[in-house]
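Just below is one structure, and these are the notes that go with it.
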Amino acid sequence: MTDWSTLVRPSLLGLDPYRPGPGVEELKERYGLTELAKLNWNEGLLGPFPGVSEAVLAELDRAWMYPEHAYTDFREAVASWLGTSPELIVPAHGVQSLIATVAHAFLDPGDSVVVPSPTYGLYAQVSSAAGAHVETVPGRDHRHDPEALGAAACRVGARLIWLCDPNNPTGSIVKRDEWEALLDALPERCAVVVDEAYAEYVHPERRLRREDDVEAGRPVIVLRTFSKIFGLAGLRLGYAVAHESLAPYLDVVQEPFNVNRAALAAGRASLRQPGLVDERRRENEVARETLARLLRERGVEPFPSEANFLLVRVGVDDLALAEALLRRGLLVRPGSDFGMPGYIRVTIGAVPLMERLAEELGSAIREILNGDADQQLEGASHA
Ligand code: PMP
């Protein structure tokens with residue numbers, strides 16, 4: 001019997017793969033549900049833009065051809081939407097694959113990286129798998145602490161700082177002055193990788209145009225996705241905005257032409273309707289602020305968010321609450337899954353669904369507190 005643990009790279013030992021847990025159909029069957037709202041993974045719940053499915057279907061006739069030339073069209077479409085040059089756009093099958101590509105391109109065993117906490121778990125996972133030391137820097141008031149990130153990078157001689165903006169799971173954003181100070185504080189041989197998976201949900205006035213930093217030659221790599229506002233998570237499509245002198249190195253380590261034609265066609269068709277991005281951002285903001293208000297009215301504290309999700313301090317056992325909501329047909333992410341017990345993270349959907357969520361969340365918390373429907377919830381947020 002081969003002992004694979006002695007053959008794989010030693011840096012993989014002790015790391016656990018990501019396990020997605022049971023799917024929607026399995027949960028519906030297990031809990032006897034006819035409907036289950038998927039509010040656990042921050043997918044864009046509105047789905048693909050109109051006309052995108054048709055563009056994908058039409059592309060399938062060309063499925064026999066490798067997608068090299070379709071890459072050019074996609075890069076041009078993204079670049080013209082962003083107002084930047086196609087040479088800066090590196091397509092990939094999602095931000096997740098780009099995180100691995102960047103780690104592969106930058107990290108040798110024994111290198112150090114800086115990762116804020118809390119944040120998306122994949123940066124630490126992939127960096128550790130590459131054999132790097134992960135220096136974790138706690139945030140302040142549920143926001144990143146860019147000054148501390150820069151200081152930590154200098155202290156440990158980091159090769160990379162991983163920054164998620166807006167941050168998952170808090171929804172907070174980095175302000176312009178904080179960002180510029182961080183860039184100025186970077187040590188030699190250190191780059192910042194900014195995961196902007198949720199950037200399109202941020203109001204344009206508050207969004208930082210980091211593609212300009214890339215173009216200006218600053219040590220910045222931006223990662224973007226079609227999984228969120230464009231509603232295409234299942235097709236796996238994303239891109240890096242990277243300086244044209246860096247892009248070839250990324251292309252050396254990522255599999256050549258790893259994005260399929262259907263996804264590229266979907267991306268192009270989506271970008272033909274840029275007005276819909278603004279429309280969805282506004283709808284998301286209305287639904288998010290409605291949910292936030294309804295939660296506060298019930299004595300539950302959501303954190304200010306610029307993304308398509310809310311992090312909520314619930315004051316009860318988050319696993320019990322997620323289970324109680326699941327029984328009511330609402331799938332949310334318990335904070336214990338990402339090291340924040342006592343919190344849940346919920347994806348924003350249409351206003352009526354958010355109204356139902358607030359209602360059910362209030363009733364589920366009452367049920368957990370002592371099964372007394374008249375229980376006042378005021379204490380819940382402070383518990
Ligand atoms: N980055 C962050 C911060 C995310 O929250 C997610 C999705 N949960 C991803 C990346 C995944 O992006 P993609 O679907 O493009 O791989």
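In the working numbering, the protein residues as written are 1 to 383.
Every residue gets a Cβ at the ideal spot worked out from N, C-alpha and C, and that includes glycine.
One Cα belongs to L57, the other to L27, and the distance between them is close to 30 Å. Set against 6 Å, the gap from the CB of N308 to the closest heavy atom of ligand 1 is not smaller. Within the same chain, and ignoring the five residues on either side of R268 in sequence, the residues whose Cβ sits closer than 8 Å to its Cβ are A55, D73, F74, A77.
Taking the Cβ of Y71 as the reference point, every heavy atom of ligand 1 lies at 6 Å or farther away.
The DSSP-derived three-state label of C190 is coil. Taken through DSSP and simplified to helix, strand or coil, D337 comes out as helix. Taking the Cβ atoms as the reference, V90 lies roughly 6 Å from Y239, within the contact range of under 8 Å.
Rounded to whole angstroms, the Cβ separation of P116 and G139 is 6 Å, and the two are in contact under 8 Å. When the alpha-carbon of P10 is set against those of D213, S128, E283, R206, the nearest one is in S128.
Looking at the backbone, the Cα of L149 and that of G110 are separated by about 19 Å.
One alpha carbon belongs to A100, the other to E35, and they sit about 35 Å apart. S305 counts as buried, since no fewer than 16 other beta carbons sit within 10 angstroms of its beta carbon. The DSSP assignment places complete alpha helix (DSSP H) segments of no fewer than 4 residues inside the region 304-328 at 318-327, in order along the chain. Burial state of D61 is exposed, judged by a 10 Å Cβ sphere holding fewer than 16 other Cβ atoms.
Note that the region 282-296 does not touch the region 320-327; fewer than 3 beta-carbon pairs, one per stretch, sit closer than 8 Å.
Setting aside the 5 residues that flank it on each side, L310 is surrounded in the same chain by G171, R288, L291, A292, L295, P302, F303, R345, V346, I348, each with a C-beta closer than 8 Å to its C-beta; the list follows chain order.
By DSSP's assignment, S117 forms a beta bridge with P138. Excluding the 5 residues flanking it on each side, A124 has same chain C-beta neighbours closer than 7 Å at V115, V134, in chain order.
In terms of side-chain proximity, the C-beta atom of N42 is found nearer than 6 Å to a non-hydrogen atom of ligand 1. For N168, the CB falls within less than 6 Å of some heavy atom of ligand 1. Chain order is used for the residues whose beta-carbon lies nearer than 5 Å to a heavy atom of ligand 1, namely G94, V95, Q96, Y120, C164, N168, D195, A197, T225, S227, G238. If you draw a straight line from the Cα of V214 to the Cα of Q273, it comes to about 25 Å. Ranked by Cα distance from A103, the options F338, I221, S227 are led by I221. Close CB contacts of V253 within its chain, under the 7 Å cut and outside five residues either way in sequence, are with T101, H104, A105 (chain order). Bridge partners of E301 according to DSSP: R313. One thing to note: V193 has its Cβ within 7 Å of the Cβ of L160. Sequence-distant Cβ neighbours of A358 in its own chain, meaning closer than 7 Å and more than five residues away, are L291, L294, L295, R298. Across the structure, Y198 and P50 are spaced so that their CA atoms are roughly 21 Å apart.
Taking 4 residues as the shortest admissible run, the region 203-246 contains the following complete alpha helix (DSSP H) segments, listed from N- to C-terminal end: 210-215. The beta carbon of R30 sits closer than 8 Å to those of P22, all from its chain and outside the five residues before and after it, given in chain order. If you draw a 10 Å sphere on the C-beta of W64, you find fewer than 16 other C-beta atoms in it, and that means exposed.
Distance between P341 and E178, taken at the CA atoms: about 29 Å. For L163, the enclosing beta strand (DSSP E) stretches over residues 160-164.
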